[in-house]
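Notes for the one structure printed next.
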Amino acid sequence: MAINHCACLLLISLFFMISLFGLSNAATTYNVMKYGAKADGKTDSTQAFVKTWAAACSSAQTATMYVPKGRFLLKAAVFRGPCKSRINVQIYGTLIAPTDYWALGNSGYWILFIKVNRLAVFGGTLDAKGAGFWACRKSGKSCPVGARSITFNWANDVVISGLVSINSQQTHLVINSCNNVVVRNVKLVAPDDSPNTDGIHVQSSTGVTITGATLQTGDDCVSIGPGTKNLYMSNIKCGPGHGVSIGSLGKAVNEAGVQNVTLTNAVFTGSDNGVRIKSWARPSNSFVTNILFQNIMMRNVENPIIIDQNYCPNNEGCPNQSSGVKISRVTYKNIQGTSATAEAVTFDCSPSNPCRGIRLQDIKLTYMNTVATSSCKNIGGSSTGVLMPQSCVRRIVVMGGCAHQMDMQLLSMLPWLCVAVNPMHIAFGCIDLYGLLFRILCFGALRSCIVLQ
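Those letters in the sequence shown? Residues -26 to -1, 1 to 427, per mature numbering (1 follows the signal peptide of the UniProt record, and there is no 0), in order.
Structure (structure tokens):
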């Protein structure tokens, strides 16, 4: 089901790119140099870029904003739509931010595209000069909020191809409240100790495809926020960084969920996490469902597979409650390699909302040439194929007359309910298996039972 869904997404994305690229040759070109930009890396070219955009955006036919070779100094710049027609941004040069990190102020962005439809950004290098800002953050001094290098807000039918981003103050690439976005062949780089320099952040967006990305960051290689739907990622190289993370979720009570996410053909090297789902331990209406992680190589990765529903960075101000985020239908398939931690698989799920439908298939992870370990809390699902480490996820087997339970990790989530509740053969009760108590729900004339997790 997930694979068919992903194939459809990829075909739609390819059709979209072909149709967009096929029209670009007829585009009217607007060169930033003709609007006053200087390729010397010293002259502020912000207004020249904005004027070039305004001219291209008002064109009645497909337009190209052209940035030639050279270094262009750019402060915070907003490229606003909607535009009259398709618009391409072709960058052959390097865009550099001011060395003084205060120059970007507290806007939160460096380059922002907002409410633009049918947009393609080709090539180019972005150098956000983030070192000064990182030093400020580490020193504990008063600092601005920092800028995300390139952001797309409320944009539809977007292609981002061949982009290189280095030294971002914060996140390199943000896709927020967008539809039908293709990101391909990008390289996003910041030192592993640079704070909050996520590679790609996606949230409140539908139909995003990321193919061919090299992500070396100080935070998540890809972070997937609330409201993300139909996200397909393939041929991803991550590390250093904090892995590919769904979340953190559940910081607010009313928060959109994440659904239909696929990561396939990925390599993680020396990252702090591999594939991760994380949520705060507090009440929430959020959820995570229909997730597929497959064909993944781990190379000396800490926490290659992890669900953390007690997420609390630096263990400061932790809510110490129970996560309301509901996690279900997550598949891990053909994941192999080496773990930098003895525990390679960690499922720390919510006691009030246990993880459901977690599936492991063909997992082979070792630690220092020995067998790694796994741990499970509050989880139900199934395991098949070659499993190293041995899976702690077990299937619940339901049979007429009683329930047989093979998962010794499942403990009571709620107070025992050991009383008959009505005369229609529906009853709650307790069962003692191998010295452990499990709650069961029995129903029907045949007294069929299921184990409640």
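Beta carbons are placed, not taken as given, at the ideal position from N, Cα and C, and that holds for glycine.
Computed from a predicted model, the values in this text were never measured in an experiment.
- The continuous alpha helix (DSSP H) containing Val24 extends over residues Thr20 to Cys31.
- The shortest CA-to-CA distance from Gly136 to any of Ile337, Ala94 and Gly10 is the one to Ala94.
- When the five nearest sequence neighbours on each side are left out, the beta carbons in the same chain lying within less than 6 Å of the beta carbon of Ser302 are those of Thr263, Arg330 and Gly331, in order along the chain.
- Looking only at Glu290, Gln143 and Ser179, the smallest Cα-Cα distance to Val132 is reached by Ser179.
- Counting only the Cα atoms, Pro56 lies some 25 Å from Leu205.
- Considering only Ser324, Gly217 and Asn288, the residue with the shortest C-alpha distance to Asp172 is Gly217.
- If one requires a minimum length of 4 residues, no alpha helix (DSSP H) run lies completely within the stretch 136 to 216.
- Val6 carries a helical assignment under DSSP once its states are collapsed to helix, strand and coil.
- Where Ser356 is concerned, the enclosing beta strand (DSSP E) starts and stops at Ile353 to Met362.
- The residues Cys195, Cys212, Gly213, Pro214, Gly215, His216, Gly217, Val275 and Glu276, in chain order, have a CB closer than 8 Å to that of Ser245 in the same chain once the five nearest residues on each side in sequence are set aside.
- In the three-state DSSP reduction, Ala226 falls in the coil class, being neither helix nor strand.
- As a beta-bridge residue in DSSP terms, Leu93 pairs with Ile61 and Val132.
- The alpha-carbon separation between Gly79 and Val299 amounts to approximately 35 Å.
- With 16 or more other Cβ atoms inside 10 Å of its own Cβ, Val63 counts as buried.
- Restricting attention to Asp167, Gly311, Gly354 and Val156, the CA atom closest to the CA of Ala109 is found in Asp167.
- For the beta strand (DSSP E) assignment, the uninterrupted runs of no fewer than 3 residues enclosed by the stretch 284 to 327 are, from N- to C-terminal side, 300 to 313 and 317 to 322.
- CA-CA distance, Pro328 to Asn91, rounds to 41 Å.
- The distance from the Cβ of Thr68 to that of Asp101 is about 6 Å, consistent with a contact at the 8 Å cut-off.
- Straight across, the Cα-Cα distance linking Asn343 with Thr315 is about 12 Å.
- Within the model, the alpha-carbon separation for Thr340 versus Phe46 is close to 48 Å.
- Nearest Cα to Cys117 within the set Val148, Ala77, Ile70 and Ser357: Ala77.
- The alpha carbon of Gln268 has as its nearest neighbour, out of Arg256, Ile281 and Val241, the alpha carbon of Val241.
- Within its own chain, the residues whose Cβ lies closer than 6 Å to the Cβ of Ser365, once the five positions on either side in sequence are excluded, are Leu334 and Ser357, listed in chain order.
- Comparing C-alpha distances from Ile184 to each of Leu223, Ser313, Val232 and Asn239 shows the shortest one belongs to Asn239.
- Within the stretch 232 to 267, the beta strand (DSSP E) runs of at least 3 residues that lie entirely inside it are, in chain order, 232 to 243 and 249 to 253.
- Val345 has Thr340 as its beta-bridge partners, per DSSP.
- The continuous alpha helix (DSSP H) containing Ala109 extends over residues Ala105 to Ser113.
- Shown here for Ile309: same chain residues with a beta carbon closer than 6 Å to its own, the five before and five after excluded, namely Ile270 and Ile337 in chain order.
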